[in-house]
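The sequence shown: position 278 = 277 (the numbering used here), numbered continuously. So the structure is just underneath, and the comments pick up after that.
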Amino acid sequence: MTFGRRQFLHFTAAAAALPAASPIARADVFPTRPVHIVVPYPAGGAPDIIGRLTAEWLSQRLRQQFIVDNRPGAASNLGTEMAAHSTADGYTLLVAVSTNAVNVSIYSKLNFNFIRDFAPIAGIGGTPFVMVFTPSFPAKTFPEFINYAKAHPGKVNMASQGIGTTPHVCGELLKMMTGVDIVHVPYRGNLMPDLLAGQVQFYFSPMAQAIEFVKDGRLRALAVTTAKRAALLPDVPAIAEFVPGYAASGWYGIVAPAGTPAAIIDSLSTQILAGVGDPTFNARLQTLGVVPTPRDPAAFGRFIVDETRKWAKVIEFANIRVD
0 MTFGRRQFLH
10 FTAAAAALPA
20 ASPIARADVF
30 PTRPVHIVVP
40 YPAGGAPDII
50 GRLTAEWLSQ
60 RLRQQFIVDN
70 RPGAASNLGT
80 EMAAHSTADG
90 YTLLVAVSTN
100 AVNVSIYSKL
110 NFNFIRDFAP
120 IAGIGGTPFV
130 MVFTPSFPAK
140 TFPEFINYAK
150 AHPGKVNMAS
160 QGIGTTPHVC
170 GELLKMMTGV
180 DIVHVPYRGN
190 LMPDLLAGQV
200 QFYFSPMAQA
210 IEFVKDGRLR
220 ALAVTTAKRA
230 ALLPDVPAIA
240 EFVPGYAASG
250 WYGIVAPAGT
260 PAAIIDSLST
270 QILAGVGDPT
280 FNARLQTLGV
290 VPTPRDPAAF
300 GRFIVDETRK
310 WAKVIEFANI
320 RVD
């Protein structure tokens, strides 16, 4: 899927100057009633927790109730569609995640356009992933893994939580950039028991999920997916040290339906970014394994477009389709 200059400018411009036709809203009187933050995932996961942290912070700062509305289903598409078709008045927001940028290219029949139908408000943070292997796997370093995979094409199994999930596309990006032939094994439930038992060889795990398994030796970490080494695993190299340009992570932020008044976008962005900079809020993000990465509307808009373009190339290479 390709994105032209006009579409790029449309999305990023939403951050700084929404269309003149949008109703004028005064930030000093917003909100006058409860605001719903749609989380397109079930309660308890990282998107939900981040949504609740944000709701709690905004409720305190803006003295109005911000309510988390969990709308899981269809790999986040159900809740995202609901938010996209909501009134653009600032009273419906969406916790946007990296999956949104992937789904644009995986699903051909979406009833919304993530680039066109949303205005970015604020980027909150990113989730590093780490390549973790069962200890019985022969390779002890990332270069040894690449050599082993090339010597045994189609014999190394990579687990993920499903087609199009971030761990899945992390692996597809690696395949595209290195030429290794590895087999994707999607799971619907908990994959950790099979990984620990050696039924599958490796997994691109969220850092927080894997860290204790790595520390106690039940899993071996060979590399992290971020462009630089991660603070939680400083002795584990980044894939980019061996594959220049490789970078992948999950991410979270807040968006609103396109056409939401600029004054409201600016007010919400200011408050959310203040939250990301707050020591307590910041520390709570880090306990989730989320690296605080504040982005204002313009920067977040550019980031989403870049991510969507990047994953479109990977998905085309891997020929991934869900419908």
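Heads up, the beta-carbon is just placed ideally off N, CA and C, and yes, glycines get one too. As the structure is a computational prediction, the values presented were derived from the model and not from experiment.
Asked: Between which two residues does the beta strand (DSSP E) carrying L221 extend?; Found: 219-223
Asked: Alpha carbon to alpha carbon, what distance is there between A150 and F201?; Found: 17 Å
Asked: Should N112 go down as buried or exposed, given a rule of 16 or more other Cβ atoms within 10 Å for buried?; Found: exposed
Asked: State the start and end residues of the unbroken alpha helix (DSSP H) segment that holds N156.; Found: Unbroken run through N156 is the beta strand (DSSP E), 156-159; no alpha helix (DSSP H).
Asked: What is the DSSP secondary structure of G244, reduced to helix, strand or coil?; Found: coil
Asked: Can you tell me which residues form a DSSP beta bridge with M130?; Found: F203, A222
Asked: May I ask which residues mark the beginning and end of the beta strand (DSSP E) holding A255?; Found: 249-256
Asked: Tell whether a beta-carbon distance below 8 Å holds between T292 and G44.; Found: no
Asked: Have a look at L172 and V313 and give me their C-alpha separation to the nearest angstrom.; Found: 6 Å
Asked: Thinking P256 and A121 are a contact (beta carbons under 8 Å), I'd like their distance in whole angstroms, please.; Found: Contact doesn't hold; Cβ gap of about 15 Å is too wide.
Asked: Can you name the start and end residues of the beta strand (DSSP E) that P185 belongs to?; Found: 182-185
Asked: Taking just the CA atoms, how far does I181 sit from V254?; Found: 35 Å
Asked: By DSSP, does A20 sit in helix, in strand, or in coil?; Found: Its pLDDT being 35, under 50, A20 is placed unreliably in this model, and the coordinates cannot settle the point.
Asked: V290 bridges to which residues according to DSSP?; Found: G125
Asked: What does a CB cutoff of less than 8 Å around L195 pick up in its chain, not counting 5 residues either side in sequence?; Found: T133, F212, R217, L218
Asked: Out of E143, T126, A83, which has the shortest C-alpha to C-alpha gap to F241?; Found: E143
Asked: Roughly how many angstroms separate the alpha carbons of A237 and Q160, rounded to a whole number?; Found: 22 Å
Asked: Whose C-beta lies closer than 7 Å to the C-beta of W310 among residues of the same chain, with five residues either side of it excluded?; Found: A100, V101, S104, V168
Asked: Count Cβ pairs between the region 292-302 and the region 67-76 that sit closer than 8 Å; are there 3 or more?; Found: no
Asked: Express the C-alpha separation of G258 and Q59 in angstroms, rounding to a whole number.; Found: 26 Å
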